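J.: So the sequences go chain by chain: A and B.
Numbers 5 to 222, taken from the working numbering, label the letters of the first sequence in order.
Numbers 5 to 222, taken from the working numbering, label the letters of the second sequence in order.
Heads up, the beta-carbon is just placed ideally off N, CA and C, and yes, glycines get one too.
Owing to the predicted nature of the structure, the values given are computational and were not obtained by experimental measurement.
This structure is in structure tokens; I'll ask about it shortly.
There are 2 protein chains.
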Amino acid sequence: MPTAPNPPTGEPRREQLLNAADRVVQRDGPGASMNAIAAEAGITKPILYRHFGDRNGLIKALTDRHTSGLLDAMRAALNEPLERRDRVEHVLDIYLAAIESRPQVYRLLTHPEPGDPTGAGNALAPALRQIAEEITKAVQVQVDLGADGPLLSETWGRAITGMVLAAGDWWLEQRPCPRPRMVRALADLLWGRLAAAAVLPSAMAQLPVAPPSGGPME
Amino acid sequence: MPTAPNPPTGEPRREQLLNAADRVVQRDGPGASMNAIAAEAGITKPILYRHFGDRNGLIKALTDRHTSGLLDAMRAALNEPLERRDRVEHVLDIYLAAIESRPQVYRLLTHPEPGDPTGAGNALAPALRQIAEEITKAVQVQVDLGADGPLLSETWGRAITGMVLAAGDWWLEQRPCPRPRMVRALADLLWGRLAAAAVLPSAMAQLPVAPPSGGPME
DNA sequence: CGGCAGTGTTACCGGAGGTAACACCCCCAG
DNA sequence: CTGGGGGTGTTACCTCCGGTAACACTGCCG
């Protein structure tokens, strides 16, 4: 009598197993073992391996499940007919809102902290790559960057992805400000506010030329 | 007769072990096992554990060793008396040159790929946090951001760190361009070139207002 | 009926990190 | 000379993990 009367079969069964994996992973953290997941599902290891191949397969399935919706939303937002700044802020907001609404899942995907066997953090890499590629594509399609366009858009796609990832991570842990303000702070960075800001008087002395009496010549 | 005549002792010995660990890690990748490292050093596991406590201790020692110099160099570059754009480019160049010169080490620190037990990627986290804090401090000291200064500088410190990390990672794998060009691409992003670039004609139709006949009124 | 596609199991493997318990060496205090 | 201590090293073992046979039960469909 190994199982309840009629265990589901095929795709539904797979969903059940993913649900169990989800629960364990949220309880035990990213280091959850295959044994623990199997136990939570009321079965033993080999079944998991039949369904997902290996641990990476399972983690990947979990990751896809959690990131696919976000990816679609960001893809859509990247192509919305808005003024550029509004579009960028919208994309940023969608991302921050997503990690804000499911912080545990987000941490699972990004922080394979405790004795993590065969990293879970890597499972997020494909999603990040996709986001980077979407940004790259959007930049290429929407903005005129001249001859350097391909290189710049690819570089920037990765750079912006990493920027938002790191900043979002910090924001989620520290919560230093409400979400809209964070969105503005990041958009401001992309809009060159750091480069355009005035030099502080206390830092003037360090500069090589142009004492404060210099004209407005750049 | 287990050892050569006189095996060193104390701190020098520790350095030797770290050297061996370095070699193995560069040969076998981030998943190098304690057994392999011990073998490379010509000894067995328990000695490693005596010196470093556990695997994390060893990885942390390796990380410190590789990042301390880079950290110092970046800290210095962040406070050099240069024009702002030059200073930023210098910092970017120092980072990219560092990861370029020791790609295996960099990958070890950032990509705990194969059956990584007890993550090595985490060992890099403190160094990244330090870099972010240095950037934050530099921005606070050098640039006038008004009332939002503290929040913006903290956010930007993390954001820029993540941006450079992600972009550098991609650059190291793909090598899409020589280093100076990458430096410029990243500085351009921080200088708002993405925000300032013209809209492509093909994307104009999507916009809510302002058909192509609009004047030069930015 | 017979097989096939699922479900499940127990038992095992190799290798990982980590830990006793023990042995050697050398130098220095008594 | 004697005898520790603090360093070096070892072998043998533990637990746990990912992963894999090999086998057993169920139900459906030709």
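Please check if any C-beta of chain B sits within less than 8 Å of the C-beta of A/P180.
T.: The residue you call residue 180 of chain A lines up with position 176 of the first sequence. True, the Cβ-Cβ gap to chain B drops below 8 Å.
J.: Where B/A136 and B/R162 are concerned, what is the direct C-alpha to C-alpha distance, given to the nearest angstrom?
T.: The sequence position of residue 136 of chain B within the second sequence is 132, counting from 1. The sequence position of residue 162 of chain B within the second sequence is 158, counting from 1. Roughly 5 Å separates the two Cα atoms.
J.: Where do the N-terminal and C-terminal ends of the alpha helix (DSSP H) with A/D97 fall, by residue?
T.: Within the first sequence, the letter at position 93 stands for residue 97 of chain A. Start and end: 88-105.
J.: Is B/T159 close to chain A, meaning its C-beta is less than 8 Å from at least one C-beta of that chain?
T.: Here residue 159 of chain B is taken as the residue at index 155 of the second sequence, counted from 1. Judged by the 8 Å Cβ criterion, B/T159 is in contact with chain A.
J.: Using the beta-carbon of each residue, which ones in chain A are nearer than 8 Å to B/T165?
T.: For this step, residue 165 of chain B is matched to residue 161 along the second sequence. What B/T165 touches in chain A: A170.
J.: Is it buried or exposed, A/Q146, if we count other Cβ atoms within 10 angstroms and call 16 or more buried?
T.: For this step, residue 146 of chain A is matched to residue 142 along the first sequence. Burial call: buried.
J.: Against A/G196, what residues of chain B qualify as contacts under a CB-to-CB distance less than 8 Å, listed in chain order?
T.: Taking the first residue of the first sequence as position 1, residue 196 of chain A is located at position 192. Within chain B, the residues near A/G196 are L194, W195, G196, R197, A199, A200.
J.: Taking just the CA atoms, how far does B/H70 sit from B/P12?
T.: Taking the second sequence and counting its residues from 1, one reaches residue 12 of chain B at position 8. Taking the second sequence and counting its residues from 1, one reaches residue 70 of chain B at position 66. Whole-angstrom Cα-Cα distance: 23 Å.
J.: So with Cβ pairs under 8 Å, would you call A/L75 a contact of chain B?
T.: The residue labelled residue 75 of chain A in the question sits at position 71 within the first sequence. Closer than 8 Å: no.
J.: How long is the line joining the alpha carbons of B/T7 and B/P130, rounded to whole angstroms?
T.: Here residue 7 of chain B refers to the residue found at position 3 of the second sequence. Here residue 130 of chain B refers to the residue found at position 126 of the second sequence. Summary for B/T7: the model assigns pLDDT 41, below 50, so the residue's position carries little reliability, and this model does not support an answer.
J.: Please list, in chain order, the chain A residues whose beta carbon lies closer than 9 Å to that of B/V95.
T.: As a working note, residue 95 of chain B is residue 91 in the second sequence. Per Cβ cutoff of 9 Å: no residues; B/V95 is ~13 Å from chain A at best.
J.: Any beta carbon from chain B within less than 8 Å of A/R162's own beta carbon?
T.: Here residue 162 of chain A is taken as the residue at index 158 of the first sequence, counted from 1. Yes - at least one Cβ of chain B is within 8 Å of the one on A/R162.
J.: Taking the alpha carbon of A/L75 as the reference point, which residue from A/D26, A/L96, A/W160 has its own alpha carbon closest?
T.: Taking the first residue of the first sequence as position 1, residue 75 of chain A is located at position 71. Of the candidates A/D26, A/L96, A/W160, the one whose C-alpha sits nearest the C-alpha of A/L75 is A/L96.
J.: Taking 8 Å as the CB-CB cut-off, is A/G219 touching chain B?
T.: What you label residue 219 of chain A is simply residue 215 of the first sequence in a count that begins at 1. Because A/G219 carries a pLDDT of 44, less than 50, the predicted location of this residue cannot be relied on, and no value is offered for it.
J.: Alpha carbon to alpha carbon, how far is A/T140 from A/A151? Give it in angstroms, no decimals.
T.: Taking the first sequence and counting its residues from 1, the one referred to as residue 151 of chain A is at position 147. Taking the first sequence and counting its residues from 1, the one referred to as residue 140 of chain A is at position 136. Using only the alpha carbons, I get a separation of about 15 Å.
J.: Examine chain B for any beta-carbon lying closer than 8 Å to the beta-carbon of A/A189, and answer yes or no.
T.: Residue mapping note: residue 189 of chain A aligns to position 185 of the first sequence, counting from 1. Chain B, which has a Cβ nearer than 8 Å to the Cβ of A/A189, makes this yes.
J.: Are the C-beta atoms of B/L62 and some chain A residue less than 8 Å apart?
T.: The residue you call residue 62 of chain B lines up with position 58 of the second sequence. Cβ-Cβ to chain A under 8 Å: no for B/L62.
J.: Would you check if the distance between the CB atom of A/V92 and the CB atom of A/L66 is smaller than 8 Å?
T.: In the first sequence, residue 92 of chain A corresponds to position 88, counting from 1. In the first sequence, residue 66 of chain A corresponds to position 62, counting from 1. No, they are not a contact pair.
J.: Identify whether B/A202 lies in helix, strand or coil by the three-state DSSP scheme.
T.: The sequence position of residue 202 of chain B within the second sequence is 198, counting from 1. Note: B/A202 maps to strand in three-state DSSP.
J.: At a CB-CB cut-off below 8 Å, which residues of chain A make contact with B/V143?
T.: The residue labelled residue 143 of chain B in the question sits at position 139 within the second sequence. Those within 8 Å of B/V143 in chain A are L198.
J.: For B/M186 and chain A, any beta-carbon pair shorter than 8 Å?
T.: Counting from one through the second sequence, the residue named residue 186 of chain B turns up at place 182. Chain A, which has a Cβ nearer than 8 Å to the Cβ of B/M186, makes this yes.
J.: When the distance is taken between beta carbons, is A/G196 closer than 8 Å to B/L194?
T.: Working through the second sequence from its first residue, we reach residue 194 of chain B at position 190. Working through the first sequence from its first residue, we reach residue 196 of chain A at position 192. For B/L194 and A/G196, yes; Cβs fall inside 8 Å.
J.: What did DSSP end up calling A/D32 once you bin it into helix, strand or coil?
T.: Counting from one through the first sequence, the residue named residue 32 of chain A turns up at place 28. A/D32 falls in the helix class under three-state DSSP.
J.: Which residues in the same chain have their Cβ closer than 6 Å to the Cβ of A/E15, if we skip the five residues on either side of it in sequence?
T.: Sequence index remark: in the first sequence, residue 15 of chain A carries index 11 (1-based). Around A/E15: no qualifying Cβ.
J.: Kindly indicate which three-state DSSP category A/D58 falls into: helix, strand or coil?
T.: In the first sequence, residue 58 of chain A corresponds to position 54, counting from 1. The answer is coil: DSSP assigns A/D58 none of H, G, I, E or B.
J.: Whose C-alpha, out of A/A36, A/R111, A/A201, A/E87, is nearest the C-alpha of A/W174?
T.: Residue numbering aside, residue 174 of chain A sits at position 170 when the first sequence is read from its first letter. Closest by alpha carbon: A/R111.
J.: Taking C-beta pairs closer than 7 Å, name the residues in chain A that B/L149 reaches, listed in chain order.
T.: Against the second sequence, residue 149 of chain B aligns to sequence position 145. Under the 7 Å cutoff, chain A gives A201.
J.: With a threshold of 16 other CB atoms inside 10 Å of the CB of A/S157, please say whether the residue is buried or exposed.
T.: Within the first sequence, the letter at position 153 stands for residue 157 of chain A. Classification of A/S157: buried, given that the 10 Å Cβ count is 16 or more.
J.: If you measure from the beta carbon of B/A24 to each beta carbon in chain A, is any gap under 8 Å?
T.: Here residue 24 of chain B is taken as the residue at index 20 of the second sequence, counted from 1. B/A24 does not count as touching chain A.
J.: Could you please give the first and the last residue of the uninterrupted alpha helix (DSSP H) stretch that includes A/W195?
T.: The residue labelled residue 195 of chain A in the question sits at position 191 within the first sequence. Segment: none, A/W195 is in no alpha helix (DSSP H) and carries neither H nor E.
J.: Could you name the residues of the same chain whose beta carbon sits closer than 7 Å to that of A/S206, not counting the 5 residues immediately before and after it, in chain order?
T.: On the first sequence, residue 206 of chain A is found 202 positions in, with the first residue counted as 1. Cβ neighbours of A/S206 beyond the five flanking positions: none.
J.: Measure the C-alpha to C-alpha separation of B/A127 and B/G35 and round it to an integer number of angstroms.
T.: In the second sequence, the residue the question calls residue 127 of chain B occupies position 123. In the second sequence, the residue the question calls residue 35 of chain B occupies position 31. Between the alpha carbons of B/A127 and B/G35 lies a gap of roughly 14 Å.
J.: Please identify the residue among B/P154, B/D192, B/I63, B/R27 whose C-alpha is closest to the C-alpha of B/R106.
T.: Residue 106 of chain B sits at position 102 when you count from the first residue of the second sequence. Minimum Cα distance to B/R106 is reached at B/R27.
J.: Using a C-beta cutoff of 8 Å, does B/R88 count as contacting chain A?
T.: Indexing the second sequence from 1 puts residue 88 of chain B at position 84. For B/R88, the answer is yes, since a Cβ of chain A falls inside 8 Å of its Cβ.
J.: With A/L100 and A/M186 assumed to form a contact (beta carbons below 8 Å), what rounded beta-carbon distance in angstroms separates them?
T.: Taking the first residue of the first sequence as 1, we reach residue 100 of chain A at position 96. Taking the first residue of the first sequence as 1, we reach residue 186 of chain A at position 182. The pair is a contact, with the Cβ atoms about 6 Å apart (cut-off 8 Å).
J.: Output the distance between the C-alpha atoms of B/L132 and B/D148, rounded to the nearest integer angstrom.
T.: Numbered from 1 along the second sequence, position 128 holds the residue referred to as residue 132 of chain B. Numbered from 1 along the second sequence, position 144 holds the residue referred to as residue 148 of chain B. Roughly 25 Å separates the two Cα atoms.
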